[in-house]
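Counting in the numbering used here, the sequence shown runs from 2 upward without gaps. Below is one structure; the comments refer to it alone.
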Amino acid sequence: MSVALVTGSSRGIGAACAQALARSGYKVCINCIERMDLAQALADRLREEGCQVICHQADVADSAAVNEMVRRIERELGPVDLLVNNAGIARPEQFQDIAPETWKRLFDVNLGGCFNTIQAVLPHMLHEHAGCIVNMSSIWGQHGASCEVAYASTKHAIIGLSRSLAAELAPTGIRVNCVAPGVIDTDMVQVLGQETLDNLAQEQIPLGRLGKAEEIAETVLYLARAGYTTGQVITVDGGFII
Ligand code: NAP
């Protein structure tokens with residue numbers, strides 16, 4: 002049975018990924034920074050279905066905490082075969098209002114989190130000449146976004162990291178890909194307000210609705226199985242940007 006680590010999986014897209022992977026036979030580590038109550042509740046539901054899951058609280062920006070989490074996964078589930086770098090934060094504001102600490106924190110979590118987890122799981126993947134890494138970017142990692150300069154910069158960087166690492170690791174059999182979601186109905190986008198979200202869905206998203214976290218999880222599952230796909234960015238946005 003393969004082992005998956007899904008960062009930021011107490012809720013939203015990460016929770017949907019953890020659930021889909023656990024139900025398809027992965028042993029899964031659910032991770033979060035704060036909401037262990039949600040992580041434990043998800044783990045309990047999945048265990049009732051017969052899935053093998055553990056929960057671990059760790060800030061992905063903290064390399065020591067990430068290493069500790071990966072060592073625990075190795076002890077309790079086995080070495081990580083599939084890493085889903087999903088943990089992320091956003092802070093919409095105008096560029097001139099971004100505090101240096103905010104800029105740094107977004108990079109530390111969104112991009113630094115990927116660096117920390119990949120470095121922690123890579124020795125086993127290199128040893129096995131196999132492994133799969135899926136990094137969560139965004140359509141704002143492919144296109145410019147007003148009032149999202151810091152967030153979009155981290156998400157552009159995640160695509161750069163993924164493509165470059167895919168090229169570097171391909172000869173070892175390890176695949177690295179990205180998912181670029183559009184507007185997905187999770188806590189992260191609630192800051193926009195229901196009216197804005199409704200207008201967005203009706204006027205700018207050709208499929209006429211926000212995406213569901215489960216629809217991103219389906220793409221992650223696909224990438225986990227897509228043995229001849231590496232260095233790719235799969236956009237899942239209801240046609241928002243065509
Ligand atoms: P969300 O609902 O806000 O959930 C964020 C998750 O990340 C939570 O589980 C949170 O844990 C965890 N997290 C945050 N900071 C962390 C840290 N430092 N260390 C470990 N875990 C951390 O977000 P979402 O909408 O599901 O987004 C998930 C990913 O998809 C993010 O990378 C986001 O940028 C990307 N994305 C989302 C959308 C969208 O429209 N929703 C679109 C494009 C891309 P706690 O519960 O403990 O806080």
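Ideal placement from N, C-alpha and C gives every residue a C-beta, glycine not left out.
First and last residue of the uninterrupted alpha helix (DSSP H) at residue i
i    : result
C33  : It is not in any alpha helix (DSSP H) - C33 instead sits in the beta strand (DSSP E) that spans K28 to C33.
M37  : M37 to E49
L127 : G113 to E129
C18  : G13 to R24
G222 : Correcting the residue type first, residue 222 is Leu in the shown sequence and not Gly. Looking at the DSSP string, the run of the alpha helix (DSSP H) that includes L222 is A214 to R226.
A158 : V150 to L170
Distance, residue j Cα to residue i Cα
i    : j    : result
G51  : T197 : 40 Å
C56  : A42  : 10 Å
G232 : T118 : 18 Å
E102 : F108 : 10 Å
A23  : V221 : 13 Å
N87  : G228 : 21 Å
I159 : L112 : 6 Å
W104 : I34  : 19 Å
K156 : V85  : 15 Å
A146 : A153 : 7 Å
R76  : V150 : 40 Å
V81  : V7   : 10 Å
L211 : E94  : 22 Å
V71  : L201 : 39 Å
V234 : G183 : 13 Å
D199 : I99  : 27 Å
G161 : M37  : 31 Å
Beta-carbon proximity list for residue i, same chain, < 6 Å, skipping 5 on both sides
i    : result
L208 : G239 and G240
I206 : G239 and F241
Y27  : S3 and A5
Q143 : A181
E44  : The displayed chain sequence assigns Ala, not Glu, to residue 44. I31, V54 and C56, listed in sequence order.
Nearest residue (CA-CA) to residue i, options the options
i    : options                 : result
I217 : D82, A17, R12 and T8    : A17
A59  : V110, D199 and K28      : V110
I175 : L83, M137, E49 and G89  : L83
S64  : G114, K28 and Q95       : G114
Q120 : A100, V67, P172 and A91 : V67
Cβ of residue i within 7 Å of any chain B Cβ
i    : result
N117 : The structure shown contains no chain B; it holds only a single protein chain.
Close beta carbons around residue i, own chain, < 7 Å, minus the five adjacent residues each side
i    : result
M126 : G132 and I175
G89  : G9, V110, N111 and M137
Enclosing beta strand (DSSP E) for residue i [first to last residue]
i    : result
Q58  : V54 to Q58
A66  : Counting along the chain, A66 falls outside any beta strand (DSSP E), though it belongs to the alpha helix (DSSP H) covering S64 to E77.
R176 : I175 to P182
N86  : L83 to N86
Other residues of its chain near residue i: CB distance less than 8 Å, five sequence neighbours each side excluded
i   : result
L39 : S11, R12, A16 and C33
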